[in-house]
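Asker:
Protein chains: 2
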Amino acid sequence: MIVVSGSSRHTLPLVIKLPPLLSLSVMPIPNFAASAYRHIERLNPSRLNDFMPLYLQQQPVGWVTPQFATELCRQREVFQLRTARSPYGHALWLEEDFATPTALTHWLDQLNSELIDAGLFSHTTGEYYPLGPRRSLPVGLIDRACVARYGIRSYGQHLNGYVIDDSGNMSMWIAKRDNNRFHEPGKLDQLVAGGVPAQISLAQNLLKESQEEASIPAELVRQAKAVGTISYCAATEGGLKPDLIFNYDLQLPQHFTPHNNDGEVERFMLLPIAEVAERVRDTDQFKHNCNLVIIDFLLRHGLLSDEEELYPELVSGLHPALP
Amino acid sequence: MIVVSGSSRHTLPLVIKLPPLLSLSVMPIPNFAASAYRHIERLNPSRLNDFMPLYLQQQPVGWVTPQFATELCRQREVFQLRTARSPYGHALWLEEDFATPTALTHWLDQLNSELIDAGLFSHTTGEYYPLGPRRSLPVGLIDRACVARYGIRSYGQHLNGYVIDDSGNMSMWIAKRDNNRFHEPGKLDQLVAGGVPAQISLAQNLLKESQEEASIPAELVRQAKAVGTISYCAATEGGLKPDLIFNYDLQLPQHFTPHNNDGEVERFMLLPIAEVAERVRDTDQFKHNCNLVIIDFLLRHGLLSDEEELYPELVSGLHPALP
Numbered sequence: 001m002i003v004v005s006g007s008s009r010h011t012l013p014l015v016i017k018l019p020p021l022l023s024l025s026v027m028p029i030p031n032f033a034a035s036a037y038r039h040i041e042r043l044n045p046s047r048l049n050d051f052m053p054l055y056l057q058q059q060p061v062g063w064v065t066p067q068f069a070t071e072l073c074r075q076r077e078v079f080q081l082r083t084a085r086s087p088y089g090h091a092l093w094l095e096e097d098f099a100t101p102t103a104l105t106h107w108l109d110q111l112n113s114e115l116i117d118a119g120l121f122s123h124t125t126g127e128y129y130p131l132g133p134r135r136s137l138p139v140g141l142i143d144r145a146c147v148a149r150y151g152i153r154s155y156g157q158h159l160n161g162y163v164i165d166d167s168g169n170m171s172m173w174i175a176k177r178d179n180n181r182f183h184e185p186g187k188l189d190q191l192v193a194g195g196v197p198a199q200i201s202l203a204q205n206l207l208k209e210s211q212e213e214a215s216i217p218a219e220l221v222r223q224a225k226a227v228g229t230i231s232y233c234a235a236t237e238g239g240l241k242p243d244l245i246f247n248y249d250l251q252l253p254q255h256f257t258p259h260n261n262d263g264e265v266e267r268f269m270l271l272p273i274a275e276v277a278e279r280v281r282d283t284d285q286f287k288h289n290c291n292l293v294i295i296d297f298l299l300r301h302g303l304l305s306d307e308e309e310l311y312p313e314l315v316s317g318l319h320p321a322l323p
Numbered sequence: 001m002i003v004v005s006g007s008s009r010h011t012l013p014l015v016i017k018l019p020p021l022l023s024l025s026v027m028p029i030p031n032f033a034a035s036a037y038r039h040i041e042r043l044n045p046s047r048l049n050d051f052m053p054l055y056l057q058q059q060p061v062g063w064v065t066p067q068f069a070t071e072l073c074r075q076r077e078v079f080q081l082r083t084a085r086s087p088y089g090h091a092l093w094l095e096e097d098f099a100t101p102t103a104l105t106h107w108l109d110q111l112n113s114e115l116i117d118a119g120l121f122s123h124t125t126g127e128y129y130p131l132g133p134r135r136s137l138p139v140g141l142i143d144r145a146c147v148a149r150y151g152i153r154s155y156g157q158h159l160n161g162y163v164i165d166d167s168g169n170m171s172m173w174i175a176k177r178d179n180n181r182f183h184e185p186g187k188l189d190q191l192v193a194g195g196v197p198a199q200i201s202l203a204q205n206l207l208k209e210s211q212e213e214a215s216i217p218a219e220l221v222r223q224a225k226a227v228g229t230i231s232y233c234a235a236t237e238g239g240l241k242p243d244l245i246f247n248y249d250l251q252l253p254q255h256f257t258p259h260n261n262d263g264e265v266e267r268f269m270l271l272p273i274a275e276v277a278e279r280v281r282d283t284d285q286f287k288h289n290c291n292l293v294i295i296d297f298l299l300r301h302g303l304l305s306d307e308e309e310l311y312p313e314l315v316s317g318l319h320p321a322l323p
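Heads up: the protein sequence lines correspond to chains A and B, in order. For the first sequence, the positions run 1 to 323 when the numbering used here is used. For the second sequence, the positions run 1 to 323 when the numbering used here is used.
Shown next, in the form of structure tokens:
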């Protein structure tokens with residue numbers, strides 16, 4: 001047994017008696033892969049033709065439309081268009097060295113404030129996302145509301161909350177998003193899902209979101225398992241979203257009932273896992289990226305058939321290389 | 001409950017009593033991601049500079065070295081070099097339409113037989129792999145022994161056989177490859193691992209390999225869960241290997257002991273999962289691609305810490321886009 005000291009999740013070794021052989025009363029979801037593959041396609045356009053790369057201190061950090069590139073060049077002389085081996089034939093370069101990440105952050109804050117005055121954004125959030133390939137060592141921070149315009153990676157955490165009853169049947173807690181939410185109102189969602197701003201640990205953010213969104217006690221949240229990521233690169237009206245989502249599984253006690261604290265969830269439903277899978281396969285009821293998180297869950301729990309057409313493509317499609 | 005008819009695995013609905021909340025007595029493996037990432041790097045060179053794409057009937061199907069391309073052009077006039085947007089600047093085109101997959105297969109057999117006479121291969125196996133992006137709908141077949149020379153995708157299946165004891169401790173069955181094996185003799189391996197030739201279903205091949213390699217009864221093999229794929233693109237002395245491995249998890253009863261039937265395994269060991277992880281992290285005892293299968297297993301079972309440096313890169317690195 002390995003005991004890790006200093007971890008904020010898993011603070012106690014858990015030793016619980018298990019039966020020697022476990023099996024669930026679920027069978028592979030039929031005719032799943034070929035139908036569900038549309039969710040991968042929707043979030044990963046085959047070409048990035050509408051966008052050009054944005055370079056910052058010689059590193060590619062994002063993707064912008066030609067229109068937005070023109071606006072940025074108009075606003076600051078240090079932005080320059082250069083020819084490049086990009087789908088568009090051009091790249092946008094920011095020709096300035098910033099002494100510290102804080103200096104770059106302030107400079108971008110000022111720029112974005114002027115762009116709001118010019119009508120290009122509606123607002124800022126005061127919540128920041130990291131710039132650059134490493135979330136833990138950013139070259140600067142940028143307001144969350146502006147991330148897609150610059151085509152900068154945003155980070156999320158999604159928690160699959162599931163229950164196994166005494167007969168071995170698996171169900172999953174599903175949230176219905178409030179109809180007043182700005183993004184994808186009324187859509188179905190994971191039990192807990194949210195962005196991970198800069199400068200907070202994944203464990204701390206999961207704890208915070210789980211309490212705000214679903215009132216899950218801290219000692220339960222700490223049992224959640226980090227089970228990998230999904231990624232996608234969606235071309236949206238608001239810009240490019242090359243996003244990375246950290247996935248978690250949490251098996252909940254049968255007597256636990258979530259309730260929402262922040263007004264973002266209309267109600268929670270406990271649905272049999274087969275019904276969850278069928279809604280992903282047959283409908284567009286889920287928020288786009290939630291479909292990918294559920295496909296990953298079904299896959300990891302052995303509920304997809306390896307004999308189906310597009311099984312390899314569906315599985316690989318959860319992890320496209322981000323530009 | 002979903003019941004699928006006609007599936008060769010999962011022929012009976014399994015309804016087994018489970019406790020309402022399961023937890024294993026394992027904690028995240030410490031300091032894993034940054035160290036284990038070397039296995040991803042070794043199997044995925046950052047550039048394909050030593051290879052050029054091979055086009056067959058206008059479709060890219062493989063990657064060849066300039067030396068091998070020259071040999072092929074010498075052997076058959078229908079091979080031609082063309083300039084292309086490849087790392088090498090050239091592509092090798094096969095300028096011939098074959099009426100049927102069988103016609104292409106026979107043509108390649110004849111060609112490879114001549115290349116053996118010319119000393120470029122040592123032998124053929126009589127076992128065939130599919131050509132083209134779809135395993136189930138190949139444009140032709142090619143002998144397994146020649147696959148890497150042409151840089152054609154090969155397919156494998158790896159089965160993680162694990163045990164959970166009455167105290168909730170997880171162990172994994174590990175094979176030690178026989179010292180007389182041609183590829184990676186004496187290395188550690190999954191309980192069952194093998195190639196998937198063309199024209200056999202994944203389920204049938206898993207059944208066959210599980211019985212030959214580890215004497216696992218058919219009724220146990222059918223409980224194995226298809227839990228996804230790993231891929232890699234290794235540049236080896238024998239050529240390029242852009243391979244796809246289908247992964248399976250099988251929880252075995254405590255009283256089961258594997259034994260080998262085909263002489264390919266020297267012995268089997270039941271190791272605590274933490275020790276398996278530590279060998280992946282700290283040593284190169286495992287056959288190269290087995291490390292990736294175990295990393296995927298640890299990830300799916302929540303045994304990697306999401307707070308570690310390179311956790312996102314390690315996870316995404318299990319699924320590079322294949323050329």
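For every residue, glycine included, the Cβ atom is placed at its ideal position computed from N, Cα and C.
Establish whether the CB of A/Gly228 and some CB of chain B are separated by less than 7 Å.
Answerer: By one-based count along the first sequence, residue 228 of chain A stands at place 228. It does; some Cβ of chain B falls within 7 Å.
Asker: Pull the bridge partners of A/Ser305 from the DSSP assignment, please.
Answerer: Position 305 of the first sequence holds residue 305 of chain A. Looking at the DSSP assignment, A/Ser305 forms no beta bridge with any residue, so it has no partner.
Asker: Apply the 10 Å Cβ neighbour rule to B/Pro320 and answer buried if 16 or more other Cβ atoms are within range, or exposed otherwise.
Answerer: Translated into the one-based positions of the second sequence, residue 320 of chain B becomes position 320. So B/Pro320 ends up on the buried side.
Asker: Can you check which of these residues, B/Leu322, B/Pro312, B/Gly317, B/Pro323, is closest to A/Ser136 by C-alpha distance?
Answerer: What you label residue 136 of chain A is simply residue 136 of the first sequence in a count that begins at 1. The shortest Cα separation from A/Ser136 among B/Leu322, B/Pro312, B/Gly317, B/Pro323 belongs to B/Pro312.
Asker: In this structure, how does DSSP classify A/Gln110 when only helix, strand and coil are distinguished?
Answerer: For this step, residue 110 of chain A is matched to residue 110 along the first sequence. Three-state DSSP puts A/Gln110 in a helix.
Asker: I'd like to check one pair, A/Leu141 with A/Ala198: are the Cβ atoms closer than 7 Å?
Answerer: Here residue 198 of chain A refers to the residue found at position 198 when the first sequence is read from its first residue. Here residue 141 of chain A refers to the residue found at position 141 when the first sequence is read from its first residue. Yes, these two residues count as a Cβ contact at 7 Å.
Asker: Taking the alpha helix (DSSP H) that B/Thr70 falls in, what are its first and last residues?
Answerer: For the purposes of this step, residue 70 of chain B is taken as residue 70 along the second sequence, with counting starting at 1. It spans 66-75 - the alpha helix (DSSP H) in which B/Thr70 sits, taken as one unbroken run.
Asker: Quick one: list the residues of chain A neighbouring B/Gly302, beta-carbon separation under 7 Å, in chain order.
Answerer: Numbered from its first residue, the second sequence carries residue 302 of chain B at position 302. Correct list: Lys225, Ala226, Val227, Asp249.
Asker: Under 7 Å, do A/Asn205 and A/Val196 count as touching if we go by C-beta distance?
Answerer: Here residue 205 of chain A refers to the residue found at position 205 when the first sequence is read from its first residue. Here residue 196 of chain A refers to the residue found at position 196 when the first sequence is read from its first residue. Yes, the Cβ-Cβ distance between A/Asn205 and A/Val196 is below 7 Å.
Asker: Listed from N- to C-terminal order along the chain, which residues in the segment 262-274 of chain B have their beta-carbon within a distance smaller than 7 Å of any beta-carbon of chain A?
Answerer: Against chain A - using a Cβ distance shorter than 7 Å - the residues of the segment 262-274 of chain B are Ala274.
Asker: Pick helix, strand or coil for B/Val192, following the three-state DSSP scheme.
Answerer: Along the second sequence, one-based indexing puts residue 192 of chain B at 192. Reduced to three states, the DSSP call for B/Val192 is strand.
Asker: Could you spell out the range, first to last residue, of the beta strand (DSSP E) harbouring A/Val163?
Answerer: Counting from 1 along the first sequence, the entry for residue 163 of chain A is found at position 163. Element bounds for A/Val163: 155-164.
Asker: Give a yes or no on contact between the segment 164-180 of chain A and the segment 221-232 of chain A, applying the rule of three or more CB pairs nearer than 8 Å.
Answerer: These segments do not touch.
Asker: Counting only Cβ-Cβ distances shorter than 8 Å, please list the residues of the segment 304-319 of chain A near chain B, keeping chain order.
Answerer: Cβ contacts with chain B: Leu304, Ser305, Asp306, Glu307, Glu309, Tyr311, Pro312, Val315, Ser316, Leu318, His319.
Asker: Taking a cut of 8 Å between CB atoms, which residues from the segment 136-147 of chain A lie near chain B?
Answerer: Residues passing the 8 Å Cβ filter: Ser136.
Asker: If you run the structure through DSSP and keep just helix, strand and coil, what is A/Ala99?
Answerer: Here residue 99 of chain A corresponds to residue number 99 of the first sequence, with the count starting at 1. Coil.
Asker: Measuring straight from C-alpha to C-alpha, what distance separates B/Leu120 and B/Cys290?
Answerer: As a first step, residue 120 of chain B must be located in the second sequence, where it is residue number 120. As a first step, residue 290 of chain B must be located in the second sequence, where it is residue number 290. Distance between the alpha carbons of B/Leu120 and B/Cys290: 29 Å.
Asker: What first and last residue would you give for the alpha helix (DSSP H) that runs through A/Asn205?
Answerer: Along the first sequence, one-based indexing puts residue 205 of chain A at 205. That run of the alpha helix (DSSP H) goes 202-214.
Asker: Please report the straight-line C-alpha distance between A/Lys176 and A/Gly151, rounded to a whole angstrom.
Answerer: Residue numbering aside, residue 176 of chain A sits at position 176 when the first sequence is read from its first letter. Residue numbering aside, residue 151 of chain A sits at position 151 when the first sequence is read from its first letter. Cα to Cα, A/Lys176 sits roughly 28 Å from A/Gly151.
Asker: Using only the alpha-carbon positions, how far apart do B/Ala224 and B/Asp249 sit?
Answerer: Within the second sequence, residue 224 of chain B is the residue found at index 224, counting from 1. Within the second sequence, residue 249 of chain B is the residue found at index 249, counting from 1. Looking at the two C-alpha atoms, the distance is approximately 6 Å.
Asker: Kindly say whether A/Leu202, judged by its beta-carbon, lies nearer than 7 Å to any beta-carbon of chain B.
Answerer: Here residue 202 of chain A corresponds to residue number 202 of the first sequence, with the count starting at 1. Taking Cβ atoms only, chain B reaches closer than 7 Å to A/Leu202, which makes this a yes.
Asker: If the criterion is Cβ atoms closer than 7 Å, does the pair B/Ala226 and A/Asp143 meet it?
Answerer: Here residue 226 of chain B refers to the residue found at position 226 of the second sequence. Here residue 143 of chain A refers to the residue found at position 143 of the first sequence. Taking 7 Å as the Cβ cut-off, B/Ala226 and A/Asp143 do not qualify as a contacting pair.
Asker: Interface residues of chain B around A/Ser231 at Cβ under 8 Å?
Answerer: By one-based count along the first sequence, residue 231 of chain A stands at place 231. In chain order: Ser316.
Asker: For a contact meaning CB atoms closer than 9 Å, what does B/Leu326 contact in chain A?
Answerer: In the structure displayed, chain B extends from 1 to 323; residue 326 of chain B sits before or after that span and is not available.
Asker: In chain order, which continuous runs of the alpha helix (DSSP H) of length 4 or greater are located wholly inside the segment 23-68 of chain A?
Answerer: Taking only runs of at least 4 residues, the alpha helix (DSSP H) segments lying wholly in the segment 23-68 of chain A are 33-43.
Asker: Going by DSSP, name the residue or residues bridged to B/Gln80.
Answerer: The residue you call residue 80 of chain B lines up with position 80 of the second sequence. DSSP output for B/Gln80 lists B/Trp93 as bridge partner(s).
Asker: Is the beta carbon of B/Gln80 closer than 7 Å to that of B/Leu188?
Answerer: The count along the second sequence starts at 1 and reaches residue 188 of chain B at position 188. The count along the second sequence starts at 1 and reaches residue 80 of chain B at position 80. The answer is no: Cβ separation not under 7 Å.
Asker: Please compile the residues from chain B whose C-beta is within a distance smaller than 7 Å of the C-beta of A/Phe297.
Answerer: Counting from 1 along the first sequence, the entry for residue 297 of chain A is found at position 297. Going along chain B, no residue has its Cβ under 7 Å from A/Phe297, so there is no contact; the nearest lies around 10 Å.
Asker: Quick one: list the residues of chain A neighbouring B/Phe246, beta-carbon separation under 7 Å, in chain order.
Answerer: On the second sequence, position 246 is the one that residue 246 of chain B refers to. Within chain A, the residues near B/Phe246 are Asp306.
Asker: Per DSSP, B/Val265 is paired with what?
Answerer: In the second sequence, counting from the first residue as 1, residue 265 of chain B sits at position 265. Answer by DSSP bridge pairing, in chain order: B/Arg177.
Asker: Going by C-alpha distance, which of A/Thr236, A/Val163, A/Ala214, A/Lys208 is nearest A/His259?
Answerer: The residue labelled residue 259 of chain A in the question sits at position 259 within the first sequence. If we check each option's Cα against that of A/His259, A/Ala214 comes out closest.
Asker: How many Å lie between A/Phe51 and B/Met52 at the Cα?
Answerer: Sequence index remark: in the first sequence, residue 51 of chain A carries index 51 (1-based). Sequence index remark: in the second sequence, residue 52 of chain B carries index 52 (1-based). Taking the straight line from one Cα to the other gives about 28 Å.
Asker: Give me the chain B residues within the contact set of A/Ala321, using Cβ-Cβ distance strictly less than 8 Å, ordered along the chain.
Answerer: On the first sequence, position 321 is the one that residue 321 of chain A refers to. Going along chain B in sequence order, the residues near A/Ala321 (Cβ under 8 Å) are Ser316, Pro320, Ala321.
Asker: Who are the near neighbours of B/His158 in its chain, counting only those whose CB is closer than 6 Å to its CB and skipping five residues on each side?
Answerer: As a position in the second sequence, residue 158 of chain B is number 158, starting the count at 1. The residues are Gln190, Ala193, Ile245, Asn247, Val293.
Asker: Helix, strand or coil: which one does DSSP assign to A/Asp117?
Answerer: The count along the first sequence starts at 1 and reaches residue 117 of chain A at position 117. Helix at A/Asp117.
Asker: What is the rounded straight-line gap between the Cα of B/Leu21 and the Cα of A/His255?
Answerer: On the second sequence, residue 21 of chain B is found 21 positions in, with the first residue counted as 1. On the first sequence, residue 255 of chain A is found 255 positions in, with the first residue counted as 1. Residue confidence is low: B/Leu21 scores 47 on pLDDT, short of 50, so the model does not pin down where it sits. Its coordinate-derived value is still stated next. The alpha-carbon atoms of B/Leu21 and A/His255 are separated by roughly 11 Å.
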